[in-house]
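Structure, as structure tokens:
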Amino acid sequence: MGNIDHRQLGNKLNLFHQQDEGPGMVFWHPRGWELYRVVEDYIRRRMRGAGFREVRTPQLLARSLWERSGHWDKFQAAMYSVNGSQDEARDEAHESQPYCLKPMSCPCHVQIFNQRIRSYRDLPIRYSEFGACHRDEPSGSLEGLKRTRAFTQDDAHVFCTEDQVKAELGQFCDLLRVVYADLGFSTFRVQLATRPEQRAGDDAVWDRAEEALAKAAVSAGLTFDVRPGEGAFYGPKLEFHLTDSRDRSWQCGTIQLDFVLPDRLDASFVSFENEHVRPVMIHHAVLGSMERFIAMLLEHHEGWLPLWLAPDQVTVATVSDASAAYGQRVMDLLDEAGLRAVFDDRPERLERKIVDAREQRIPVFITVGARDQRDETVSLRFRDGTQDTFPIHEGVAHLRERGRTPAKAR
98 MGNIDHRQLG
108 NKLNLFHQQD
118 EGPGMVFWHP
128 RGWELYRVVE
138 DYIRRRMRGA
148 GFREVRTPQL
158 LARSLWERSG
168 HWDKFQAAMY
178 SVNGSQDEAR
188 DEAHESQPYC
198 LKPMSCPCHV
208 QIFNQRIRSY
218 RDLPIRYSEF
228 GACHRDEPSG
238 SLEGLKRTRA
248 FTQDDAHVFC
258 TEDQVKAELG
268 QFCDLLRVVY
278 ADLGFSTFRV
288 QLATRPEQRA
298 GDDAVWDRAE
308 EALAKAAVSA
318 GLTFDVRPGE
328 GAFYGPKLEF
338 HLTDSRDRSW
348 QCGTIQLDFV
358 LPDRLDASFV
368 SFENEHVRPV
378 MIHHAVLGSM
388 ERFIAMLLEH
398 HEGWLPLWLA
408 PDQVTVATVS
418 DASAAYGQRV
428 MDLLDEAGLR
438 AVFDDRPERL
448 ERKIVDAREQ
458 RIPVFITVGA
468 RDQRDETVSL
478 RFRDGTQDTF
488 PIHEGVAHLR
498 ERGRTPAKAR
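Count along the sequence shown from 1, then add 97; that gives the number in this note's numbering.
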């Protein structure tokens, strides 16, 4: 991996931009949003396969919820507050209610859990969400997609018994390994972040949580370093770090063990002994920030994303105007096969079209000319320079198979 900055790639490949009116925010362009959605859909399939049910929760919530959860006390410096409408005609009770943009989704998922009486037979209960989060990061720490003020987290929570913790943590570690391998990351570093100075819960609770998380990590075959004092205020966490093009480490995936939040937000289930018991809450994210992970992907692959991930997978280029109708037929077949293709019928030389497609990191180039139209074939050129000619339907089927999303293929 060379010293390639994802911000330069974002501009060159027309994926996204940022500007002064939205510091730490992202303007996704069509190609970039296509990439984002491909990653999101892939994670959604993986999470569904792991037994998670997707939910959606509000971005703006009364500050009182964050006070009860402990976030306002421990995390308020990074939270955005909103004081409500300034319309004098509104009632005073409404005016006095302060709100916060959520920095994370955990208290929201507890609210869903609390809407029903839960039995031990229902556990584990698993929720996932692509949660839109906001954090007031210092301006000096902002860096493209890697550190933003508005981001989406592939946030997930498991409510379970203590006896189920080991299996749930093991399942998460297995899932993360599969996802990272699919996305091209064969190695990652793991760190165990332990109790911070500012925390909720007593030492006995933290002792249980740290011991359980460390044992589960060892059982899952993970080797980890310890980061004293770097845990979340409600529990210890395992952090999964990837390295960027400048050899800097970035936290991406996380898993946290929490005995505190269920107690603060009064979550409970009915045990076998017919008693109300607090569940253990496991917080986890495979990618972490979607934006940050896309930055890591772009730098790791130097913009040449695997075929299944590429926002534009295929360029269909005409040799002359005479083959435009046949080129459109190829485009229609690619679209029916679920492939993302762009049609280059400009009055340019074929060599120019090939160069332009490579500059946009489009992995497959299809040439359609008079011979292809006559023989009903397609000529495929791949990134490595290899070329092959197929009957039109076989060529489309070949690309569909090569571009199959891993979550569908397994």
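We put the beta carbon where it would ideally sit given N, CA and C, even for glycine.
Assuming residue i contacts residue j under a Cβ cut-off of 8 Å, what Cβ separation, rounded to an integer in Å, is found between them?
i	j	result
Gln115	Val123	6 Å
Val377	Arg215	With 8 Å as the limit, Val377 and Arg215 do not qualify as a contact, their Cβ atoms being about 13 Å apart.
Arg128	Pro408	4 Å
Phe307	Pro333	A quick correction: the sequence has Glu, not Phe, at residue 307. Indeed they touch by this definition, with Cβ atoms about 5 Å apart.
Gln513	Arg324	One cannot answer for residue 513 here, as it falls past the ends of the chain, which runs 98 to 507.
Arg142	Ala467	The Cβ separation is near 42 Å, so there is no contact.
Could you spell out the range, first to last residue, of the alpha helix (DSSP H) harbouring residue i?
i	result
Ala494	Ile489 to Arg499
Tyr423	Ala421 to Glu433
Leu272	Val262 to Asp279
Tyr177	Unbroken run through Tyr177: none, as it is neither H nor E.
His206	Cys203 to Phe210
Glu456	Leu447 to Glu456
Ile140	Pro127 to Gly146
Nearest to residue i by alpha carbon, out of the options?
i	options	result
Pro155	Pro204, Leu436, Leu110 and Asp299	Pro204
Arg150	Trp303, Ala253, Asp271 and Gln268	Ala253
Ala382	Gly350, Glu240, Phe337 and Thr412	Gly350
Leu362	Ser346, Gly167 and Leu406	Gly167
Arg153	Leu319, Gly267 and Lys199	Lys199
Thr464	Leu447, Ala504 and Arg134	Leu447
Asn111	Leu132, Pro120, Gly121 and Glu118	Leu132
Leu319	Phe337, Thr486 and Gly328	Phe337
Val276	Thr291, Gly385, Asn211 and Phe369	Gly385
Leu394	Ala504, Lys243 and Val357	Lys243
Val207	His231, Ile379, Lys312 and Glu240	Ile379
Ser365	Asp219, Gly466 and Gln288	Asp219
For residue i, does the count of other Cβ atoms within 10 angstroms reach 16, so buried, or fall short, so exposed?
i	result
Asp299	exposed
Asp481	exposed
Thr284	exposed
Ile489	buried
Val179	exposed
Val413	buried
Ile352	buried
Arg507	Caution is warranted here: a pLDDT of 45 is assigned to Arg507, below 50, making its placement in the model unreliable, and no coordinate value can be reported.
Val315	exposed
Ala419	exposed
Glu396	buried
Val416	buried
For the beta strand (DSSP E) containing residue i, name the first residue and the last one.
i	result
Met378	Val377 to Ser386
Trp347	Ser346 to Asp355
Arg223	Ile222 to His231
Check this for me: beta carbons of residue i and residue j, under 8 Å apart or not?
i	j	result
Leu436	Gln470	no
Met387	Phe248	yes
Asp260	Phe227	no
Asn108	Arg343	no
Phe330	Lys171	yes
Gly237	Arg104	no
Gly400	Leu106	yes
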